[in-house]
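*Asks:* Mind having a look at this structure? Questions to follow.
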Amino acid sequence: MAISNYSDFKDSSWEKYAETASWVLQPGAGSKTVYVKFRSSGTGKTTEVVSGKIILVSLESPQEEAKAEPETSKDSVEDEATDGCALTPGSAYKTSSSYGVFYVTDDCTKVPFKNPTVFYTYFNSWNEVKVTTKLGSLKNDPLDFMPFGPKFDPKYGALVKIVKDPKVYLLLGNKKYWITDETVFTSLKYQWDWIEDIDKALLDKYETAGEITDTSKHPDNTLIKYKNSPKVYKLLEGKKSWITTEEAFKELGYRFDRVVTVLDSEVYEDGPDIE
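Note that numbering that gives the first Met the number 0 has the sequence shown beginning at 0, numbered continuously upward.
The following block contains the structure:
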């Protein structure tokens, strides 16, 4: 599913479905609209966008607001300047009168965390958020959203990129494969909305395993299925091995929403089943 404050979902990434989810609204009083859409893990099809309005008629006083928000570290209410920046890059900050939490970049700009899921891919606890009076001295980063951080687990078969580089990578196990151009990407039946923005520190954890340039077949370890069959296969040494049960699929840490539906003309010899 994806949740956003914008109808074009510009601040959102796909995340695992949950019956309930925490969400941070746009700041200030007035009418707020939250947009939600869902995607099938089996077919990859996306639902129509659902939206709902919330009207915030008044704001709590700073004292009341501070009581309601997550605890923050009392040992680091203020930070010393670091290399010319008023705050420490790589840290999270807020003011005493606002719920908003911001990340300080290496360029000494601030970027808002727009949902708790992304926050926890950088930090382990809200206690790591520091309260400061200097947040206003930092410029807003042009990016305006945080990609998934170093603690994020994209799972097997994810398609990822970093925000400052257009290169798209396929993650298989602990390796990353660069999909060299748009023609290769579309020919291999990958979907553009599968791409997730991640932090460079996360991408660097994966071993570089070469480029994907062949449009006639998928690389080893890719998960595939055929249009008119529910069977999911893993490609191993040029052969397709059927993953026989959903339990086996989940135990291996795979993602149903990253199974590639291939053409019937893309034929592989049968390998041993995976049970």
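We put the CB at the ideal spot given by N, CA and C, even for glycine.
#1: Let me know the secondary structure DSSP gives Trp177 once reduced to three states.
#2: Suppose you measure from the CA of Glu127 to the CA of Val100; what does that come to, to the nearest Å?
#3: Look at the alpha carbon of Gly156 and the alpha carbon of Tyr253, and state the distance between them as a whole number of angstroms.
#4: Quick check on Phe112: does DSSP put it in helix, strand or coil?
#5: For Leu262, report the span of its alpha helix (DSSP H) as first-last.
#6: Would DSSP call Lys199 helix, strand or coil?
#7: Going by DSSP, what residue range makes up the alpha helix (DSSP H) through Lys249?
#8: Pick out the complete beta strand (DSSP E) segments inside the stretch 137-177, 3 residues or longer, and give them in chain order.
#9: By the 10 Å Cβ neighbour count, where 16 or more other Cβ atoms means buried, how is Lys226 classified, buried or exposed?
#10: Would you mind giving the Cβ-Cβ distance between Ile223 and Lys199, rounded to the nearest angstrom? I have them listed as a contact below 8 Å.
#11: Please go through the same chain and pick out, in chain order, the residues whose beta-carbon is closer than 6 Å to the beta-carbon of Ser12, but skip the five residues on each side of it.
#12: Helix, strand or coil for Val183? Go by DSSP, reduced to three states.
#13: Could you check whether Thr87 and Val110 sit closer than 8 Å to each other, using their CB atoms as the reference points?
#14: Val48 to Gly83, Cα distance in whole Å?
#15: At the level of alpha carbons, what is the spacing between Asn4 and Thr32?
#16: For a test of your reading of the model: does the CB of Lys138 fall under 7 Å from any non-hydrogen atom of the ligand ADP? Yes or no.
*Replies:* Concretely, from the data shown:
#1: Here residue 177 refers to the residue found at position 178 of the sequence shown. Strand at Trp177.
#2: Your numbering for residue 127 matches position 128 in the sequence shown. Your numbering for residue 100 matches position 101 in the sequence shown. Taking the straight line from one Cα to the other gives about 11 Å.
#3: If you number the sequence shown from 1, residue 156 lands on position 157. If you number the sequence shown from 1, residue 253 lands on position 254. For Gly156 and Tyr253, the distance between alpha carbons rounds to 7 Å.
#4: In the sequence shown, residue 112 corresponds to position 113, counting from 1. Three-state DSSP puts Phe112 in coil, outside helix and strand.
#5: The residue you call residue 262 lines up with position 263 of the sequence shown. Per DSSP, Leu262 belongs to no alpha helix (DSSP H) and is neither H nor E.
#6: Within the sequence shown, the letter at position 200 stands for residue 199. Residue state, collapsed to three classes: helix.
#7: Counted from its first residue, the sequence shown places residue 249 at position 250. Start and end: Glu245 to Glu250.
#8: 158-160 and 167-171
#9: Looking up residue 226 in the sequence shown gives position 227. Exposed, since its Cβ has fewer than 16 Cβ neighbours within 10 Å.
#10: By 1-based counting over the sequence shown, the position of residue 223 is 224. By 1-based counting over the sequence shown, the position of residue 199 is 200. Incorrect: roughly 29 Å between the Cβ atoms, too far for contact.
#11: For this step, residue 12 is matched to residue 13 along the sequence shown. Answer for Ser12: Glu195, listed in chain order.
#12: In the sequence shown, residue 183 corresponds to position 184, counting from 1. Here Val183 sits in helix by DSSP.
#13: Here residue 110 refers to the residue found at position 111 when the sequence shown is read from its first residue. Here residue 87 refers to the residue found at position 88 when the sequence shown is read from its first residue. Their beta carbons are not under 8 Å apart, which means Val110 does not touch Thr87 by this criterion.
#14: Taking the sequence shown and counting its residues from 1, the one referred to as residue 48 is at position 49. Taking the sequence shown and counting its residues from 1, the one referred to as residue 83 is at position 84. When rounded, the distance between both Cα atoms is 44 Å.
#15: Here residue 4 refers to the residue found at position 5 of the sequence shown. Here residue 32 refers to the residue found at position 33 of the sequence shown. If you take the alpha carbons of Asn4 and Thr32, they lie about 6 Å apart.
#16: Among the components modelled here there is no ligand, and therefore nothing to report on the ligand ADP.
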